[in-house]
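Q: Chains as they are written, first to last, in this note's numbering: chain A, 1 to 368; chain W, 1 to 368; chain Y, 1 to 368; chain S, 1 to 368. Note that beta-carbon positions come from the ideal geometry of N, C-alpha and C, so glycine has one too. Keep in mind the model is a prediction, meaning the values are calculated, not measured.
There are 4 protein chains.
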Amino acid sequence: MSHNSFGHLFRVTTWGESHGPAIGCVVDGCPPGLKLDEAWIQPFLDKRRPGSGKYVTQRQEPDQVRILSGVFEGHTTGTPIALMIENQDQRSKDYGEIARSFRPGHADIAYAWKYGIRDYRGGGRASARETAMRVAAGAIARRVLGDGVVIRGALTQIGRDRVDRAAWDWAQTEQNEFWCPDAAAAQRWEALLAGVRKAGSSIGAVIEVQAEGVPVGLGAPIYGKLDADIAAALMSINAVKGVEIGDGFAAAELSGEENADEMRMRQDGSVEFLANHAGGMLGGISTGQPIVARFAVKPTSSILTPRQAVTADGRNTDLLTKGRHDPCVGIRAVPVGEAMLACVLADHLLRHRAQNPEAPVVGRLPLG
Amino acid sequence: MSHNSFGHLFRVTTWGESHGPAIGCVVDGCPPGLKLDEAWIQPFLDKRRPGSGKYVTQRQEPDQVRILSGVFEGHTTGTPIALMIENQDQRSKDYGEIARSFRPGHADIAYAWKYGIRDYRGGGRASARETAMRVAAGAIARRVLGDGVVIRGALTQIGRDRVDRAAWDWAQTEQNEFWCPDAAAAQRWEALLAGVRKAGSSIGAVIEVQAEGVPVGLGAPIYGKLDADIAAALMSINAVKGVEIGDGFAAAELSGEENADEMRMRQDGSVEFLANHAGGMLGGISTGQPIVARFAVKPTSSILTPRQAVTADGRNTDLLTKGRHDPCVGIRAVPVGEAMLACVLADHLLRHRAQNPEAPVVGRLPLG
Amino acid sequence: MSHNSFGHLFRVTTWGESHGPAIGCVVDGCPPGLKLDEAWIQPFLDKRRPGSGKYVTQRQEPDQVRILSGVFEGHTTGTPIALMIENQDQRSKDYGEIARSFRPGHADIAYAWKYGIRDYRGGGRASARETAMRVAAGAIARRVLGDGVVIRGALTQIGRDRVDRAAWDWAQTEQNEFWCPDAAAAQRWEALLAGVRKAGSSIGAVIEVQAEGVPVGLGAPIYGKLDADIAAALMSINAVKGVEIGDGFAAAELSGEENADEMRMRQDGSVEFLANHAGGMLGGISTGQPIVARFAVKPTSSILTPRQAVTADGRNTDLLTKGRHDPCVGIRAVPVGEAMLACVLADHLLRHRAQNPEAPVVGRLPLG
Amino acid sequence: MSHNSFGHLFRVTTWGESHGPAIGCVVDGCPPGLKLDEAWIQPFLDKRRPGSGKYVTQRQEPDQVRILSGVFEGHTTGTPIALMIENQDQRSKDYGEIARSFRPGHADIAYAWKYGIRDYRGGGRASARETAMRVAAGAIARRVLGDGVVIRGALTQIGRDRVDRAAWDWAQTEQNEFWCPDAAAAQRWEALLAGVRKAGSSIGAVIEVQAEGVPVGLGAPIYGKLDADIAAALMSINAVKGVEIGDGFAAAELSGEENADEMRMRQDGSVEFLANHAGGMLGGISTGQPIVARFAVKPTSSILTPRQAVTADGRNTDLLTKGRHDPCVGIRAVPVGEAMLACVLADHLLRHRAQNPEAPVVGRLPLG
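1) With a cut-off of 8 Å, does the C-beta of Arg142/Y fall near any C-beta of chain A?
2) Between the C-alpha atoms of Ser18/Y and Asp63/S, what's the straight-line distance to the nearest angstrom?
3) Compare the beta carbon distance of Ile303/W and Gly153/W with 8 Å and say whether it is the shorter of the two.
4) Just checking my contact of Gly224/W with Thr287/W at CB under 8 Å: how many whole Å lie between their CB atoms?
5) Just checking: is the beta-carbon of Asn276/Y within a distance shorter than 8 Å of some beta-carbon in chain S?
6) Would Asn356/Y pass as an interface residue toward chain A - the criterion being a Cβ-Cβ separation below 8 Å?
7) For Gly74/A, which of Ala110/S, Arg118/S, Met235/S has the nearest alpha-carbon?
8) With distances taken Cα to Cα, identify the nearest neighbour of Gln289/S among Gly242/S, His325/S, Asn276/S.
9) Please go through the same chain and pick out, in chain order, the residues whose beta-carbon is closer than 8 Å to the beta-carbon of Trp369/Y, but skip the five residues on each side of it.
10) Of the residues that make up the segment 323–342 of chain Y, which ones have a beta carbon closer than 8 Å to any beta carbon in chain W?
11) The segment 1–14 of chain S: which residues have C-beta closer than 8 Å to a C-beta of chain A, in chain order?
12) Looking only at its own chain, which residues have a Cβ that is under 6 Å from the Cβ of Pro215/W, when we skip the five neighbours before and after it?
13) Going by alpha carbons, who is nearest to Tyr55/W out of Arg11/W, Phe295/W, His325/W?
14) Which bits of chain Y does Val29/A rub up against, with CB to CB less than 7 Å?
15) In the DSSP assignment, find the beta strand (DSSP E) that holds Phe273/Y and state where it starts and stops.
16) Along the segment 297–312 of chain Y, what residues have a CB closer than 7 Å to any CB found in chain S?
17) Determine, using beta-carbon pairs with one atom in the segment 36–54 of chain S and one in the segment 239–250 of chain Y, whether at least three such pairs fall under 8 Å.
18) Which residues of chain Y have a Cβ atom closer than 9 Å to the Cβ of Thr57/S, listed in chain order?
19) For the 8 Å Cβ check, are there 3 or more pairs between the segment 269–284 of chain W and the segment 256–275 of chain A?
20) In terms of alpha-carbon separation, which member of Asn259/Y, Thr311/Y, Pro306/Y, Thr300/Y lies closest to Pro299/S?
21) Taking a Cβ distance cut-off of 9 Å, strictly less, list which residues of the segment 253–266 of chain W are near chain A, in chain order.
22) From the beta carbon of Phe102/Y, is the nearest beta carbon of chain S less than 8 Å away?
23) Beta-carbon within less than 6 Å of Gly284/A's beta-carbon, same chain only, minus the 5 sequence neighbours each way: which residues are those?
24) Can you give the Cα-Cα distance for Met265/W and Val310/A, rounded to whole angstroms?
25) So, at 7 Å on beta carbons, what are the nonlocal neighbours of Val135/A in its own chain, with the 5 sequence-adjacent residues on each side left out?
26) Check whether the Cβ of Val206/S sits closer than 7 Å to any heavy atom of the ligand PLP, and report yes or no.
27) Give the residues of chain Y in contact with Leu350/A, contact being defined as C-beta atoms less than 7 Å apart.
28) Taking DSSP's pairing of strands, which residues face Thr311/A in a bridge?
29) Which word fits Gly195/W, buried or exposed, when buried means at least 16 other C-beta atoms lie within 10 angstroms of its C-beta?
30) Could you confirm whether any beta carbon from chain Y is found closer than 8 Å to the beta carbon of Ser201/S?
31) Is Gly16/W closer than 8 Å to Ser69/Y when the C-beta atoms are compared?
32) Would a check of beta-carbon distances place Gly24/S closer than 8 Å to chain A?
33) Do the CB positions of Gly124/S and Leu367/Y come within less than 8 Å of each other?
34) According to DSSP, Thr79/A sits in a beta bridge with which residue or residues?
35) Using CA coordinates, which residue listed in Thr79/Y, Gly7/Y, His3/Y, Met1/Y is at the minimum distance from Ala341/Y?
36) With DSSP as the reference, label Lys35/S as helix, strand or coil.
Shown next, in the form of structure tokens:
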């Protein structure tokens, strides 16, 4: 058991605090012989990087990743891969009053009660800064999965404003600062977020991640189900409050007739599913359909409007947060969600392979 | 790593198929000296039992649990607790056509592709029958947590019909067959489910589980967060497609001002939270507020209306399912959800205790 | 983490006390499609069975194993395999005085201090009875390894009397009651053990286990080394006090020149090792040479000569043990050692396969 | 599961290769509030450091450790502690011929077959350099155990020359370069090792480690026994071929009467053991007696006498190793063995505490 590790055969352990000298991770179990260097990982980090747009925190971090072990002559060796990013912009002075108080909705008070210790510097271990290492690990996971598996994410909702699914265009996600797949929604969000930022407020969001080309058979019943592991992985991201697979909560409203993903045989013996309410898995095992998962992110607790709070020495106070923060943390959560999905799939690919080395990649009938 | 175990220090391993001779589980890590016998566990099983009401499967299973180890003279010994329930009513004849076909939305086809094997008998390992052992393990988990922690569940939605939260009354959950906390909703659901059953259809549902009296500090950042483990535990239940903590997806619609759970000092040095949007945890660590989680259950795939399906030998067919099934599996999911929450909390209580043996149960300020 | 499980991908969890209703185990992670039934497992159990010879405990246990899950139509399904043996001969009356005292060298007192509970019935969980489930799991592990891997064990020393390695003949191990590979030693041991039994004494022993045909590459550096896992597996057997790989402690006496297992190329590109000081592994990874491990078993603490002891209520006493016990537990430890080696190798085969699905079985040069 | 982690609740993950830019580790699960800084860890590293004496490798490494996370204002915070040591003296040129050949008895060939990759630089991950991180983790483990637990090690045998146990004096271990507790033996070893070094040879050794003041009850039956975990921990150290607890292999030669550690009640209700054949544990659980373990280290495979070897491209060769190596790796294994014992005990202390928070530290009778 490890509190700071996830995955079993593709196993990621992260370390580091927001305002310490560095953050890092160790990826253990990565198969040998895969192409890997910093140049492969860096672009994924750049997507998540603070200081990279108008709608994210202005903390300046180049987030330059360094591979310290496990790679030799551009290929993985099968031994643990250690990654490190040195922190650059740890302006601790920003944290004057916060150092003496607990923000409503922030993890500080829970850490203080759990550990009996107050590390006030920007959230310490609870900071979203830790997610940089998830993204780096996710880049390695993509190598494990190979080019046949395509993992993408999009922001589908900010506050009450949702994208129009009929207008969904993956290419659009690269055209705006929100990873928004709907051009019209992206335009509306510009105004929406400008208002939020100006008001010193914050707002929640919903992210959708998808994986195409996933082999059949990933997911280990009963307590290593693919959906359960995806749920844990996404819920472990800072500020996430809900997770859905496929239709998610909408499935509760359906009848059995509506919810059935009917099937037809294709000429080549593979099975065509006529719908994907299930989000790519049945009984927690992948079926070859696209994996579809969504997660909801609450608004960040760091806002300029004073809220009733308490001080570390046990007095009431009214607190507002002046530091550098994201008006909508959901935006930077998109690459993080993709990375977590990649890591879960890589882990399950290795787990599946161990028990079923000759399992088919595409599901056909009759069984071979 | 184990595919069929959950929890780390309170560790549950289940085994058994729907139509095998028995199902069972091993609970390892339970502290010694706790009162435990079959009479404590049985009532929880009776709540989940098939054949116990009009709106659940008519399969007749007494679900009589037997403790085979780990208990001596009515108390736990610290060694593994083995439980077993013998299957009684494994009418395999019900599964004639299903043995040759794959139901849309059912795990059969995913198991077949994963394992290359077709165990057609009532879903084999994927059957909801396995959840009996979760409930039994949950009863032991409640002993670990002690009487100070109260765990309850309720059905809050069937199809599109939701309970009125203003009318919530826990006592009502014992007065109807749905674990419904709203008497008026329960009445409406009688008619609703009678219709579903008559039509040979099925329908989805939403369940809410709560835990009161939970000590502060449970949950181990970053990858053993309480919310992440609850999400995995609930998502691992058959047919679950979504999980929420606190406000869940509704949090995405809030501003930072709305979402803040403001705080005031109480006379005794404890902290009063003025709201509970967070659902009892911050940064994945319990704060002493009630833990609140919800999960959505899809309609069962076993319905009397024919659906387009495929046969094991690779032909198209139209399939309807005649066996004994639940029109709304969400009903029996209530005690299962409670049990999973109990198990996660028991596990985290032991984990917290290992690292912080003198941690406070109630959060106060200033820190001790 | 689980206190009562071993292995990772081939994962065995055992449960049960010496004098409870039954003992059992769950084997999780076994690949699907392997031939398995009770008839395969039973002969291995019969080898270890109490009451089966002059030199082992006279407790009568048929040790009839039952498969309760994970097997369908004679083949494994990939889901957890549950095994159970009902206890028959739990003569608790034998334990009169022992119930009130602690035997020197017996685990009772350590359990009592650890758990604050006194389960005096024949050692409870600490009893060698638990090893029956190891043997059963080992039989399944052999199926995972396949017929190409041959695992055998032998008793090489009782007290100070060792076998003559020049006289080693595996066929002899089936010809005497000691699994002794040296016919002359076996004859001497008859007299030796008759004396020990008559004196109500007990004596220690050394067991050697070997595995031939093991693929290269098993063992996961640094903390999943094959030798480390074998050491833990063998040391976890009741009464074991030492473990050696290859030359073991004798290696401490060698020079680098003597200890080198020199190598020559064979015509087919495989490598011939000219010696096997290493016991079949380098850096904790198998090389294709025979795996060789030894373990030392102390004399059982149950003897007829009174020893200075203490009572549960804190008084001095002189204690002798009258129950049914093994004069030399090392004899029955032979099949247990074989089983543990089989389990470790099966686990590592699956682990290796996950990370290196196309790894060679035989090591050749140049690398492919 | 993680190949490069050990421990469960005190969990250490190491990374790094002999000739990479750095080595490091992450220690997860360390309780909060313990005093910790680099100054505490460094002296333990200095004990193991290469280049520190006449009889160890002349590779020059200051082994300056840096704490990168998990410590705030001189105390642990409960979050993962990351440590790093930058490599300084990675003279790759030393490895000319070795880069093209496989040394007899060295892990290179096993890694090559396992991973299909040849990282020839000084053994890569298999190098003893990795043990620096074990020593660093062990220093943290000592903080977890507290000052009441004293862990010490000694070299008890080089080649065939053993210490005289009657002359054992712990203070002597600080007076010579061998951690030898017997002044006379240390003097003999000077000559012995001078000869070995001059001959370009190497020689094996035996190390003993002890822990005093260990609480009763550590060790989790059946598969988390303290002796099994110590065996795995010691066997995982480079070049180790055998492990003993207490009397070890000598126990095989004893009768039950000789082996019994008889007991007497003390005035204060504690139990006095009249001998310690068991090495401080019964049934894998600590009894409060000193923990005693020994391990045998083979001679290093790097010697100046040519041995029959094979090349990476599959030809026979005669190979001698010119690099900088330890004539007796057993010397530097002393602090490594101490560290591993400390880590296992710290892990078990946390595990015990989780299940038995009020367990006694000293075993008394009657039970409380």
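A: Let me spell this out:
1) By this cut-off, Arg142/Y is not an interface position.
2) 51 Å
3) no
4) With 8 Å as the limit, Gly224/W and Thr287/W do not qualify as a contact, their Cβ atoms being about 17 Å apart.
5) no
6) yes
7) Arg118/S
8) Comparing C-alpha distances from Gln289/S to each of Gly242/S, His325/S, Asn276/S shows the shortest one belongs to Asn276/S.
9) Any property of residue 369/Y remains undetermined from this structure, which presents chain Y solely from 1 to 368.
10) none
11) Those residues of the segment 1–14 of chain S that come within reach of chain A (Cβ to Cβ, closer than 8 Å) are Met1, Ser2, His3, Asn4, Ser5, His8, Leu9, Arg11, Thr13, Thr14.
12) Val361
13) His325/W
14) According to the sequence provided, residue 29/A is Gly. The question's Val does not apply to it. Those within 7 Å of Gly29/A in chain Y are Gln355.
15) 271–273
16) If the cut-off is 7 Å between Cβ atoms, the segment 297–312 of chain Y has Val297, Lys298, Pro299, Thr300, Ser301, Ile303, Thr305, Arg307, Gln308, Ala309, Val310, Ala312 near chain S.
17) No, the segment 36–54 of chain S does not touch the segment 239–250 of chain Y.
18) Proximity of chain Y to Thr57/S at the Cβ level (cut-off 9 Å) is not reached, the minimal Cβ distance being about 14 Å.
19) no
20) When each option's Cα is compared against that of Pro299/S, the closest is Asn259/Y.
21) Glu253, Leu254, Ser255, Gly256, Glu257, Glu258, Asn259, Ala260, Asp261, Glu262, Met263, Arg264, Met265
22) yes
23) Gly219, Pro221, Lys225, Leu226, Asp227
24) 7 Å
25) Phe44, Leu45, Arg48, Pro335, Val336, Ala339
26) Ligands are entirely absent from the displayed structure, and the ligand PLP is therefore not among its contents.
27) Ala354, Gln355
28) Under DSSP, Thr311/A shares a beta bridge with Ser101/A.
29) So Gly195/W ends up on the exposed side.
30) Interface residue (Cβ-Cβ distance to chain Y less than 8 Å): Ser201/S is classified as such.
31) yes
32) yes
33) no
34) Bridge partners of Thr79/A: none, in fact.
35) The amino acid at residue 341/Y is misidentified as Ala; the sequence shows Leu. It is Gly7/Y.
36) strand
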